[in-house]
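Enquirer: Can you keep this structure in mind? I'll have questions shortly.
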Amino acid sequence: MSLKGHFSLTSSFLSAIAGALDNLSARGHPGLNSTLALLSALAVTVASSFSTRLQALLLVVAASGLAALVARKFSEWLLVTLTALFFASLVSLPAIAGFLHGEKTPVPVFVARAVASASAFTAFYAVLGWRGLVSGLRGLAFLGSLGDELAFTVRFIPLFAWKTLRLISAREARLLVKSRSFSWTAVNSVAGSVLASAYAKAYWARLAFASRNFDSRLIGGAPPARPGKVDAAMVIFSAVLVFVLVV
């Protein structure tokens, strides 16, 4: 007996995430200095990860939403932000229930850190696009080939999600007994197999793209643009957020 629809929630979630990441990877702002934007994204993300000010973290989320709205990718940003909120809240359940003692960081601040970090980096990625991310990583020359591998790993996450859906469907067809424990075991086995092959597939994909393009700029787009007014506004925007988070 097939458990048709038993994984409908997981399938819907993976489909939504894959679609959102595909849209976030679309073309970013053409006149933006990608390396400067990437450094700004890292600065805001790191500052959000260590901030203890709840109001400042909420401000970062609001500002990130505004940036995603300007990039016309607000719905995709919102999905990633809500996903981060869900998982951060799920991880915090033991602390919320009072099972953890001696924790110095309040639960709302812990959750806000995760949400603010995810929303900030997602907003910058929405503005950059995938090609901008590749160009920005290449601007950080000290990363070497690791930059390309990181970029291709990000880009192929949607493909891994679609592959996960196919594997879940195959596992579903093989289940003969309706059991929730069997269902979660099947889902966990799928996640493990996909994560194990993610890095390797990104590595081979990068080599395949590079072998078909004699000009490496075809992969990452044009070299980073010279800093202009848009970059100055972005740096000021990021500096204000970091100042609010740290001071």
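Heads up: the sequence shown begins at 41 in my numbering, then just goes up one per residue. Ideal Cβ positions, reconstructed from N, Cα and C, are used throughout, including at glycine. Fair warning: this is a prediction, and the values are worked out from it, not measured in the lab.
Just verifying my parser: in three-state terms, what is the DSSP assignment at L204?
Expert: Correcting the residue type first, residue 204 is Thr in the shown sequence and not Leu. Here T204 sits in helix by DSSP.
Enquirer: Mind checking T121: buried by the 16 CB within 10 Å criterion, or exposed?
Expert: Result: buried.
Enquirer: Flag this pair as yes or no: are the beta carbons of S74 and L173 separated by less than 9 Å?
Expert: For S74 and L173, yes; Cβs fall inside 9 Å.
Enquirer: Once the 5 residues before and after R257 are set aside, which same chain residues still bring their CB inside 6 Å of it?
Expert: Unreliable placement is indicated for R257, whose pLDDT of 47 sits below 50; no coordinate value is reported for it.
Enquirer: For A166 and L64, which I take to be in contact (beta-carbon distance under 8 Å), what is that distance rounded to the nearest angstrom?
Expert: With a Cβ gap of about 5 Å, A166 and L64 count as contacting.
Enquirer: So what does DSSP say about P70, is it helix, strand or coil?
Expert: Three-state DSSP puts P70 in coil, outside helix and strand.
Enquirer: Nearest-angstrom Cα distance between G169 and R67?
Expert: The alpha-carbon atoms of G169 and R67 are separated by roughly 5 Å.
Enquirer: Is P146 helix, strand or coil when you go by DSSP?
Expert: Three-state result, P146: coil.
Enquirer: Return the chain-ordered list of same chain residues with a C-beta closer than 8 Å to the C-beta of V230, the five sequence neighbours on each side being excluded.
Expert: Cβ neighbours of V230 beyond the five flanking positions: T204, L207, I208, R211.
Enquirer: Less than 9 Å separating the beta-carbons of S115 and V100?
Expert: Contact: no.
Enquirer: Which whole runs of the alpha helix (DSSP H) in the region 79-156 are 4 residues long or more, in chain order?
Expert: Complete alpha helix (DSSP H) runs here, min 4: 94-110, 114-131, 133-136.
Enquirer: Should the region 74-86 be called in touch with the region 131-140, which here means at least 3 C-beta pairs below 8 Å?
Expert: Cβ pair count under 8 Å is below three, so no.
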